[in-house]
Amino acid sequence: MAHQAHAYHMVDPSPWPLTGAVAALLMTSGLAIWFHYNSIVLMTLGTVLLLLTMYQWWRDIVREGTFQGHHTPPVQKGLRYGMILFITSEVFFFLGFFWAFYHSSLAPTPELGGCWPPTGITTLDPFEVPLLNTAVLLASGVTVTWAHHSIMEGERKQAIQSLTLTILLGFYFTFLQGMEYYEAPFTIADGVYGSTFFVATGFHGLHVIIGSTFLAVCLLRQIQYHFTSEHHFGFEAAAWYWHFVDVVWLFLYISIYWWGS
Amino acid sequence: MYYKFSGITQKLTGSAPTAAYSPQGLRPGVPAEAPAMIFATPTKVVSEAGAAVEYMGANKVPDLQRIFQTSDGIPIHLKRGVPDRLLYRTTMALTVGGALYCLVALYIAAQPTNK
Numbered sequence: 000m001a002h003q004a005h006a007y008h009m010v011d012p013s014p015w016p017l018t019g020a021v022a023a024l025l026m027t028s029g030l031a032i033w034f035h036y037n038s039i040v041l042m043t044l045g046t047v048l049l050l051l052t053m054y055q056w057w058r059d060i061v062r063e064g065t066f067q068g069h070h071t072p073p074v075q076k077g078l079r080y081g082m083i084l085f086i087t088s089e090v091f092f093f094l095g096f097f098w099a100f101y102h103s104s105l106a107p108t109p110e111l112g113g114c115w116p117p118t119g120i121t122t123l124d125p126f127e128v129p130l131l132n133t134a135v136l137l138a139s140g141v142t143v144t145w146a147h148h149s150i151m152e153g154e155r156k157q158a159i160q161s162l163t164l165t166i167l168l169g170f171y172f173t174f175l176q177g178m179e180y181y182e183a184p185f186t187i188a189d190g191v192y193g194s195t196f197f198v199a200t201g202f203h204g205l206h207v208i209i210g211s212t213f214l215a216v217c218l219l220r221q222i223q224y225h226f227t228s229e230h231h232f233g234f235e236a237a238a239w240y241w242h243f244v245d246v247v248w249l250f251l252y253i254s255i256y257w258w259g260s
Numbered sequence: 000m001y002y003k004f005s006g007i008t009q010k011l012t013g014s015a016p017t018a019a020y021s022p023q024g025l026r027p028g029v030p031a032e033a034p035a036m037i038f039a040t041p042t043k044v045v046s047e048a049g050a051a052v053e054y055m056g057a058n059k060v061p062d063l064q065r066i067f068q069t070s071d072g073i074p075i076h077l078k079r080g081v082p083d084r085l086l087y088r089t090t091m092a093l094t095v096g097g098a099l100y101c102l103v104a105l106y107i108a109a110q111p112t113n114k
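As structure tokens, this is what we get:
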């Protein structure tokens, strides 16, 4: 590689922003074509292109960071700021759903019967599966911290095992939420209760799936010796994201499942 | 009174006797050779960890670092050779073909069907 006199990462020209943008075009146009002509060809094409872009873009970032050493301390600082800003934007994304929930529940309209939960809605018992889900997510927060300390202390075997345990707990949470959705006595079409409940918990569930995937990628990278005791920002970002998902669940549990029932 | 060369003001300032005898500001400059590299430890040293080092496969990172650090001018997304090129060409073909197909589909969708 050419020698440079500074610690910043000069990236190679990359095709992925272009392919990602075209994937977005195909997916949105495909959605419209699906609605109008009942054909999912274009949307499927867009989804495949998006998945290909995601895989190759992140693969290249791993190459640049782990194999080429471009993630120097100042570059890592930029990555940290980026991840913090991303999670902040996610906080505001969920804030919107909590706003909708409290707007509807604190002053229930006459159409709802003037009460919350609305007349005719049978809610889920917060002390059954939702409480178990809370325990599962809190436990996964502990195991992800165990994994972090294992990586920092070079305990390879423990890091792999604790990370695997974290991912299994994430899958268990998703499984329990799936069961809970299946058994729920109300639907997303049951007025503002169903809408706020399923949109807020549904997007949370999506984030749990994304977080589990992020942690699974970290597990594969840990098995392949990508993380060192000093440099493992990919894992740290996944752990931050996982804690964020955990905290959102606590707010969902307290607000929607417990207070809201 | 002892003096040393101040790197901030570029003037002589007062200092402790020991600093005056090893005048940092008057050294011939940065040493020409690069400092020794310090590697973070991926796992414990073999003698410390024993069999655990090879737990779930051997470490291929140094080999991959050698491959990806060769200066051949190839961009990062094609550096691994044939599999990279295949994946890249598939993606690019889908991008160009998909964009054209999308424009045609949107054009057709924009033509109203008058009965």
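Chains as they are written, first to last, in numbering that gives the first Met the number 0: chain R, 0 to 260; chain H, 0 to 114.
C-beta: ideal position from N, C-alpha, C; glycine also.
Legend entry - chain R contact residues for Leu105 of chain H, given Cβ-Cβ distances below 9 Å: In the second sequence, the residue the question calls residue 105 of chain H occupies position 106. In chain order: Ser28, Ala31 and Ile32.
Inset, instruction - Name the two residues that bound the continuous beta strand (DSSP E) containing Ser14 of chain H. - result: One-based indexing of the second sequence puts residue 14 of chain H at position 15. Ser14 of chain H -> beta strand (DSSP E) spans Leu11 to Ser14.
Inset, instruction - Since I believe Thr121 of chain R is in contact with Phe185 of chain R (beta carbons under 8 Å), could you give me their beta-carbon distance rounded to a whole number of angstroms? - result: The count along the first sequence starts at 1 and reaches residue 185 of chain R at position 186. The count along the first sequence starts at 1 and reaches residue 121 of chain R at position 122. About 7 Å separates the two Cβ atoms, so the contact holds.
Legend entry - chain H within 8 Å of Leu48 of chain R, Cβ atoms only: The sequence position of residue 48 of chain R within the first sequence is 49, counting from 1. With 8 Å as the cut-off, Leu48 of chain R counts as an interface residue toward chain H.
Inset, instruction - Assess, as a yes-or-no matter, whether the region 128-140 of chain R is touched by the region 169-178 of chain R under the definition of 3 or more beta carbon pairs within less than 8 Å. - result: yes
Legend entry - Residue range of the unbroken alpha helix (DSSP H) whose run includes Lys76 of chain R: Here residue 76 of chain R corresponds to residue number 77 of the first sequence, with the count starting at 1. Counting along the chain, the alpha helix (DSSP H) containing Lys76 of chain R begins and ends at Pro72 to Leu105.
Legend entry - CA-to-CA distance, Leu249 of chain R to Leu111 of chain R, given in whole angstroms: Indexing the first sequence from 1 puts residue 111 of chain R at position 112. Indexing the first sequence from 1 puts residue 249 of chain R at position 250. For Leu111 of chain R and Leu249 of chain R, the distance between alpha carbons rounds to 26 Å.
Legend entry - Burial state of His148 of chain R (16 or more Cβ within 10 Å): Your numbering for residue 148 of chain R matches position 149 in the first sequence. With fewer than 16 Cβ atoms within 10 Å of its Cβ, His148 of chain R is classed as exposed.
Legend entry - C-alpha gap between Ala183 of chain R and Tyr192 of chain R, whole angstroms: Against the first sequence, residue 183 of chain R aligns to sequence position 184. Against the first sequence, residue 192 of chain R aligns to sequence position 193. Going from the Cα of Ala183 of chain R to the Cα of Tyr192 of chain R covers about 12 Å.
Legend entry - Distance, Tyr1 of chain H Cα to Gln68 of chain H Cα: The sequence position of residue 68 of chain H within the second sequence is 69, counting from 1. The sequence position of residue 1 of chain H within the second sequence is 2, counting from 1. Cα to Cα, the separation comes out at about 50 Å.
Inset, instruction - Could you tell me whether the Cβ of Thr139 of chain H comes closer than 8 Å to any Cβ of chain R? - result: The structure shown does not extend to residue 139 of chain H, since chain H is modelled only from 0 through 114, so no value can be given for it.
Inset, instruction - Let me know the secondary structure DSSP gives Lys3 of chain H once reduced to three states. - result: As a working mapping, residue 3 of chain H is identified with position 4 in the second sequence. Three-state result, Lys3 of chain H: strand.
Legend entry - Residue environment, Asp83 of chain H, which counts as buried when at least 16 other CB atoms sit within 10 Å: Within the second sequence, residue 83 of chain H is the residue found at index 84, counting from 1. When all chains shown are included, Asp83 of chain H counts as buried.
Legend entry - Residue of R:Trp258, R:Leu251 and R:Leu218 minimising C-alpha distance to Gly95 of chain R: Residue numbering aside, residue 95 of chain R sits at position 96 when the first sequence is read from its first letter. Residue R:Leu251 is the option with its Cα nearest to Gly95 of chain R.
Inset, instruction - Could you give the DSSP three-state label for Pro14 of chain R: helix, strand or coil? - result: Counting from one through the first sequence, the residue named residue 14 of chain R turns up at place 15. Pro14 of chain R: coil per DSSP, three-state reduction.
Inset, instruction - Kindly confirm or deny that the region 211-231 of chain R and the region 59-75 of chain R touch, where touching means at least three C-beta pairs closer than 8 Å. - result: yes
Inset, instruction - Compute the distance between the beta-carbons of Met9 of chain R and Trp239 of chain R, then report whether it is under 8 Å. - result: In the first sequence, counting from the first residue as 1, residue 9 of chain R sits at position 10. In the first sequence, counting from the first residue as 1, residue 239 of chain R sits at position 240. The answer is no: Cβ separation not under 8 Å.
Inset, instruction - Below 8 Å CB to CB, which residues in the same chain sit around Ser260 of chain R once its five sequence neighbours on both sides are set aside? - result: Taking the first residue of the first sequence as 1, we reach residue 260 of chain R at position 261. Closer than 8 Å at the Cβ level, and outside the excluded window around Ser260 of chain R, lie Pro116, Thr122, Leu123, Asp124 and Pro125.
Legend entry - Contact between the region 195-209 of chain R and the region 35-52 of chain R (3+ Cβ pairs under 8 Å): no
Inset, instruction - In the DSSP assignment, find the alpha helix (DSSP H) that holds Ser254 of chain R and state where it starts and stops. - result: Here residue 254 of chain R corresponds to residue number 255 of the first sequence, with the count starting at 1. Here Ser254 of chain R belongs to no alpha helix (DSSP H), and DSSP marks it neither H nor E.
Legend entry - Where the alpha helix (DSSP H) containing Lys156 of chain R begins and where it ends: For the purposes of this step, residue 156 of chain R is identified with residue 157 of the first sequence, where counting begins at 1. Arg155 to Glu182 is the span of the alpha helix (DSSP H), which, as asked, contains Lys156 of chain R.
Inset, instruction - Please state if the CB of His76 of chain H and the CB of Ser13 of chain R are separated by a distance shorter than 8 Å. - result: The sequence position of residue 13 of chain R within the first sequence is 14, counting from 1. The sequence position of residue 76 of chain H within the second sequence is 77, counting from 1. A contact, by the Cβ cut-off of 8 Å.
Inset, instruction - Report whether the distance from the Cβ of Thr133 of chain R to the nearest heavy atom of the ligand MN is below 7 Å. - result: The ligand content of the structure shown is nil, which means the ligand MN is not present either.
Inset, instruction - Determine, using beta carbons only, whether Ala39 of chain H and His35 of chain R come nearer to each other than 8 Å. - result: Position 40 of the second sequence, counting from 1, holds the residue named residue 39 of chain H. Position 36 of the first sequence, counting from 1, holds the residue named residue 35 of chain R. Against a cut-off of 8 Å, the Cβ pair of His35 of chain R and Ala39 of chain H comes out as no contact.
Inset, instruction - Indicate the three-state DSSP secondary structure (helix, strand or coil) for Ser70 of chain H in the structure shown. - result: Stepping through the second sequence from its first residue, residue 70 of chain H is reached at position 71. It is coil, neither helix nor strand.
Inset, instruction - Would you kindly check if the distance between the Cβ of Val143 of chain R and the Cβ of Trp33 of chain R is under 8 Å? - result: Within the first sequence, residue 33 of chain R is the residue found at index 34, counting from 1. Within the first sequence, residue 143 of chain R is the residue found at index 144, counting from 1. No, the pair does not count as a contact, with Cβ atoms beyond the cut-off.
Legend entry - Where Leu123 of chain R sits in the DSSP three-state scheme: Position 124 of the first sequence, counted from the start, is the residue given in the question as residue 123 of chain R. It is coil, neither helix nor strand.
Inset, instruction - Could you list which residues in chain H have their beta carbon closer than 9 Å to that of Leu268 of chain R, in chain order? - result: This structure gives no information on residue 268 of chain R, because the portion of chain R shown stretches from 0 to 260.
Legend entry - Residues within the region 206-230 of chain R neighbouring chain H, beta-carbon criterion of under 8 Å: Ile222, Gln223, Tyr224, His225, Phe226, Thr227, Ser228, Glu229 and His230
Legend entry - Test: Gly58 of chain H CB closer than 8 Å to a CB of chain R: Reading the second sequence from its first residue, position 59 is the one you call residue 58 of chain H. Per the sequence shown, residue 58 of chain H should be read as Asn rather than Gly. Cβ-Cβ to chain R under 8 Å: yes for Asn58 of chain H.
Legend entry - chain R within 8 Å of Thr90 of chain H, Cβ atoms only: For the purposes of this step, residue 90 of chain H is identified with residue 91 of the second sequence, where counting begins at 1. Chain R contact via Cβ: present.
Inset, instruction - Please state if the CB of Thr18 of chain R and the CB of Thr116 of chain H are separated by a distance shorter than 8 Å. - result: No answer is possible for residue 116 of chain H: it lies beyond the span of chain H, which begins at 0 and ends at 114.
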